[in-house]
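The structure appears right after this line, and notes come after that.
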Amino acid sequence: MPSIIVLDTLSPDGLALLDAASSVGITHEVAIGLSGDGLREALARHDGAICRSGVKITAASLAGNHRLKAIVRAGVGTDNIDKDAATRQGIVVMNTPAGNTVSTAEHTFALILALSRNVAAADASLRAHRWERNKFMGVQLAGKTLGIVGLGRIGQAVAKRALAFDMRGMGFDP
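Residue numbering for the sequence shown is 19 to 192, as defined by this note's numbering.
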């Protein structure tokens, strides 16, 4: 019976998908915080592994593993996985690069809004029982120019949101 080990925290929705896979004979185990021999032994017991950035899968983690077929990085990048070692052992390494594009672009705009409107300083002022309205007027985003470094998926999503705020965009994609 195929089995998957989950090595980092996943959203409840992600775990629900794994629970549903039991109906087709795929089991899973959640084991967070593994390293060294514990990680190597856990990987050797499963056909697939799901991780985020909280675990480092090294050549030593994969040594002698004859069962593992795939490692999936939930998120962008695979820096925490020794891809060369995995490839030598026939283990496929994948990631989900688009999984956090919208949330990252939205978070970027939340920070832009917070900075342009002095939200943190105004909050601190109010918590200190002061209302210094003139200090925290901020600026409107409409008509401003936003510089975006990197025009991959996330940069493009940020640019689309800038248009909704009637901003001009300038991009640089190194």
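Ideal placement from N, C-alpha and C gives every residue a C-beta, glycine not left out.
Return the Cβ separation of residue i and residue j in integer angstroms, given the expectation that the two are a contact with Cβ distance under 8 Å.
{"i": "Met185", "j": "Leu164", "result": "5 Å"}
{"i": "Leu61", "j": "Asn83", "result": "6 Å"}
{"i": "Ala160", "j": "Phe183", "result": "6 Å"}
{"i": "Thr122", "j": "Ile44", "result": "Contact flag wrong, Cβ pair sits at about 30 Å."}
Just verifying my parser: in three-state terms, what is the DSSP assignment at residue i?
{"i": "Asn113", "result": "strand"}
{"i": "Arg58", "result": "helix"}
{"i": "Ser21", "result": "strand"}
{"i": "Gly51", "result": "coil"}
{"i": "Leu164", "result": "strand"}
{"i": "Arg186", "result": "strand"}
{"i": "Gly82", "result": "coil"}
{"i": "Ile44", "result": "coil"}
{"i": "Leu159", "result": "coil"}
{"i": "Arg148", "result": "coil"}
Which residue marks the beginning of the alpha helix (DSSP H) containing residue i, and which one marks its end?
{"i": "Gly32", "result": "Pro30 to Ala38"}
{"i": "Arg145", "result": "Val137 to Arg145"}
{"i": "Ile130", "result": "Thr119 to Ser134"}
{"i": "Lys153", "result": "From DSSP, Lys153 is part of no alpha helix (DSSP H); its letter is neither H nor E."}
{"i": "Lys74", "result": "Here Lys74 belongs to no alpha helix (DSSP H), and DSSP marks it neither H nor E."}
{"i": "Leu102", "result": "The question names Leu, but residue 102 in the sequence shown is Asp. Asp102 -> alpha helix (DSSP H) spans Lys101 to Arg106."}
Is it buried or exposed, residue i, if we count other Cβ atoms within 10 angstroms and call 16 or more buried?
{"i": "Ile89", "result": "buried"}
{"i": "Val42", "result": "exposed"}
{"i": "Val176", "result": "buried"}
{"i": "His46", "result": "buried"}
{"i": "Thr27", "result": "exposed"}
{"i": "Ile23", "result": "buried"}
{"i": "Arg91", "result": "buried"}
{"i": "Ala180", "result": "buried"}
{"i": "Ala67", "result": "buried"}
{"i": "Gly95", "result": "exposed"}
Could you check where the beta strand (DSSP E) with residue i kicks off and where it finishes?
{"i": "Ala67", "result": "Gly66 to Cys69"}
{"i": "Arg91", "result": "Ala88 to Arg91"}
Cβ contact check for the region 113-122 and the region 132-142: 3 or more pairs under 8 Å: No, because fewer than three Cβ pairs between the region 113-122 and the region 132-142 fall closer than 8 Å, the two stretches do not touch.
Stretch-stretch touch, CB-based, cutoff 8 Å, three pairs: the region 67-85 with the region 102-109: Per the Cβ contact rule, the region 67-85 is in contact with the region 102-109 (3 or more Cβ pairs under 8 Å).
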